[in-house]
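Those letters in the sequence shown? Residues 24 to 478, by the numbering used here. The C-beta atom is built at its ideal place from N, Cα and C for all residues, glycine as well.
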Amino acid sequence: MSHGIALKPAKSARSEALKGTIRIPGDKSISHRSFMFGGLASGETRITGLLEGEDVINTGKAMRAMGAQIEKVGAEWIIQGTGNGALLAPEAPLDFGNAGTGCRLTMGLVGVYDFASTFIGDASLSKRPMGRVLNPLREMGVQVTSVEGDRLPVTLHGPKVPNPITYRVPMASAQVKSAVLLAGLNTPGITTVIEPVMTRDHTEKMLQGFGADLSVETDAEGVRTIRLVGQGQLKGQVIDVPGDPSSTAFPLVAALLTPGSDVTILNVLMNPTRTGLILTLQEMGADIEVQNARLAGGEDVADLRVRYSELKGVTVPADRAPSMIDEYPVLAVAAAYASGTTTMLGLEELRVKESDRLSAVAEGLKLNGVDCDEGQETLVVRGRPGGKGYGNASGKAVVTHLDHRIAMSFLVLGLASEHPVTVDDASIIATSFPEFMDLMTGLGAKIDAVDGEAA
Numbered sequence: 024m025s026h027g028i029a030l031k032p033a034k035s036a037r038s039e040a041l042k043g044t045i046r047i048p049g050d051k052s053i054s055h056r057s058f059m060f061g062g063l064a065s066g067e068t069r070i071t072g073l074l075e076g077e078d079v080i081n082t083g084k085a086m087r088a089m090g091a092q093i094e095k096v097g098a099e100w101i102i103q104g105t106g107n108g109a110l111l112a113p114e115a116p117l118d119f120g121n122a123g124t125g126c127r128l129t130m131g132l133v134g135v136y137d138f139a140s141t142f143i144g145d146a147s148l149s150k151r152p153m154g155r156v157l158n159p160l161r162e163m164g165v166q167v168t169s170v171e172g173d174r175l176p177v178t179l180h181g182p183k184v185p186n187p188i189t190y191r192v193p194m195a196s197a198q199v200k201s202a203v204l205l206a207g208l209n210t211p212g213i214t215t216v217i218e219p220v221m222t223r224d225h226t227e228k229m230l231q232g233f234g235a236d237l238s239v240e241t242d243a244e245g246v247r248t249i250r251l252v253g254q255g256q257l258k259g260q261v262i263d264v265p266g267d268p269s270s271t272a273f274p275l276v277a278a279l280l281t282p283g284s285d286v287t288i289l290n291v292l293m294n295p296t297r298t299g300l301i302l303t304l305q306e307m308g309a310d311i312e313v314q315n316a317r318l319a320g321g322e323d324v325a326d327l328r329v330r331y332s333e334l335k336g337v338t339v340p341a342d343r344a345p346s347m348i349d350e351y352p353v354l355a356v357a358a359a360y361a362s363g364t365t366t367m368l369g370l371e372e373l374r375v376k377e378s379d380r381l382s383a384v385a386e387g388l389k390l391n392g393v394d395c396d397e398g399q400e401t402l403v404v405r406g407r408p409g410g411k412g413y414g415n416a417s418g419k420a421v422v423t424h425l426d427h428r429i430a431m432s433f434l435v436l437g438l439a440s441e442h443p444v445t446v447d448d449a450s451i452i453a454t455s456f457p458e459f460m461d462l463m464t465g466l467g468a469k470i471d472a473v474d475g476e477a478a
């Protein structure tokens, strides 16, 4: 979303059964990394299935600004990379818009180079903490200049020769792990990341696929030690990006909540580090049938058939959070329609997403009649099957805080509620899932733009 653009409200209303077969756009995490690793590798990388949301496109623009040749031919993206260690100094600040993943990973990738690079973003991204990535970069010798407390805008300047480090990740964060590993690509010697709690492992899998000398060891306690030998060669690859499980979550939950629904979702990434939501919904009684499970490009992929289900409340353990951190807003919506109480634990990471997602979810639920309690690291939702009283008859809008997942989650809430649900902005959805509106209405969902601007 561009800086300072007018908000575009939207509302959803109680819908008939959702029916159909859909294919979800490509996984956001893999799409970011495809542009980055393709732009860095020697030779040609060809990508199909790329998520063409604003966040990923901004990562592509950053790689192009540092010397990669990137063009789209038909349905395929073709990249001529610079070769590892051969990125060029960007002539202007790298603008990542709303893309936290693209910004943090690129800081790792380019920060250790012996030139200056400046990172900027939109109002939402400029509030997000970058210290978690900048601290290990400082240990590698990177000079960091920021206006205010390690928040954007940030300028990095690498040393003549970066220091390889051993870094124990202090929080469960795939972005921090990945940033350190990417910094290690242009660092002599072995860069080591110790990960006490496993997070999504696309960086490790894809770097190995591009030819990096990377190894992973897991001890008896589940602690992972990842070692990367720096300054090796990466070679261009052919990539078909599987469907994004975080985007899949919205039509999936919508089908579970809307009576009579029967929806099949094709080509969904089923990497075990990303399937916490499906596991939790199945524990709640969701009818989710995994079909045609297969391997594609080293990743687990499957089709999902989802039917309307009567859900029951559960306790979601804190150790599941890394495998579904982006899915808690829409899980809270599912919990609102479940019988009994759903308790979600270990949610502190939600406070540093595109918004303070934990507060944004709790406030949106309460605005629309859902009984919930927000704790420092917890959310408790007491569900009401059938959605009687849910929604906001006066049309008061959920404040999305420029957060695409808040917008989509509450539009799903309205599909089974008594009254419509309004969100103050739907344009932000384009950052991750530009096809959301058309795809959902194609299944039969009642979602419409609201005339006029939000107050």
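For residue i, three-class secondary structure by DSSP
i: residue 38; result: coil
i: residue 119; result: coil
i: residue 472; result: strand
i: residue 221; result: coil
i: residue 124; result: helix
i: residue 27; result: Residue placement at residue 27 cannot be trusted, given a pLDDT of 47 that sits under 50; what the coordinates show is reported in the next sentence. Residue 27 falls in the coil class under three-state DSSP.
i: residue 266; result: strand
i: residue 43; result: strand
i: residue 419; result: coil
i: residue 350; result: helix
i: residue 399; result: coil
i: residue 460; result: helix
i: residue 310; result: strand
i: residue 248; result: strand
i: residue 258; result: strand
i: residue 296; result: helix
i: residue 388; result: helix
i: residue 355; result: helix
i: residue 205; result: helix
i: residue 200; result: helix
i: residue 404; result: strand
i: residue 319; result: strand
i: residue 33; result: strand
i: residue 394; result: strand
Extent of the continuous beta strand (DSSP E) to which residue i belongs
i: residue 189; result: 189-191
i: residue 140; result: 139-143
i: residue 366; result: 364-367
i: residue 169; result: 166-171
i: residue 488; result: Past the edges of the chain, shown from 24 to 478, lies residue 488, and the structure says nothing about it.
i: residue 238; result: 237-241
Extent of the continuous alpha helix (DSSP H) to which residue i belongs
i: residue 306; result: 299-306
i: residue 451; result: From DSSP, residue 451 is part of no alpha helix (DSSP H); its letter is neither H nor E.
i: residue 158; result: 154-162
i: residue 435; result: 427-436
i: residue 479; result: Residue 479 lies beyond the residue range present for the chain, which begins at 24 and ends at 478; the question has no answer from this structure.
i: residue 440; result: From DSSP, residue 440 is part of no alpha helix (DSSP H); its letter is neither H nor E.
Short Cβ contact (8 Å threshold) for residue i with residue j
i: residue 49; j: residue 264; result: yes
i: residue 62; j: residue 91; result: yes
i: residue 204; j: residue 160; result: no
i: residue 300; j: residue 354; result: yes
i: residue 164; j: residue 209; result: no
i: residue 391; j: residue 346; result: no
i: residue 284; j: residue 469; result: no
i: residue 339; j: residue 45; result: no
i: residue 438; j: residue 169; result: no
i: residue 292; j: residue 267; result: yes
i: residue 178; j: residue 196; result: no
i: residue 335; j: residue 359; result: no
i: residue 182; j: residue 213; result: no
i: residue 104; j: residue 202; result: no
i: residue 278; j: residue 246; result: no
i: residue 211; j: residue 184; result: yes
i: residue 115; j: residue 139; result: no
i: residue 58; j: residue 89; result: no
i: residue 125; j: residue 228; result: no
Please give the ranges of any alpha helix (DSSP H) in the stretch 47-116, keeping only runs that are unbroken, at least 4 residues long and fully inside the region.
51-63, 77-88
When you compare the stretch 32-47 with the stretch 444-464, are there three or more beta-carbon pairs, one atom per stretch, that lie closer than 8 Å?
yes
Are at least three pairs of beta-carbons, each pair with one atom in the stretch 229-236 and one in the stretch 258-271, less than 8 Å apart?
yes
Do the stretch 431-449 and the stretch 263-283 touch if we need at least three Cβ pairs shorter than 8 Å?
yes
Would you call the stretch 399-414 and the stretch 461-473 in contact, with 3 or more CB pairs under 8 Å?
no
I want to know whether the stretch 142-154 touches the stretch 117-127 - three or more CB-CB distances under 8 Å.
In short, these stretches touch, since the Cβ pair count reaches three.
Three CB pairs or more closer than 8 Å across the stretch 41-57 and the stretch 69-86
yes
Is it the case that the stretch 394-412 contacts the stretch 323-331, given that we only count it when at least three CB pairs across the two stretches are under 8 Å?
no
Evaluate the contact criterion for the stretch 379-388 versus the stretch 306-316: three or more CB pairs, one atom per stretch, below 8 Å.
no
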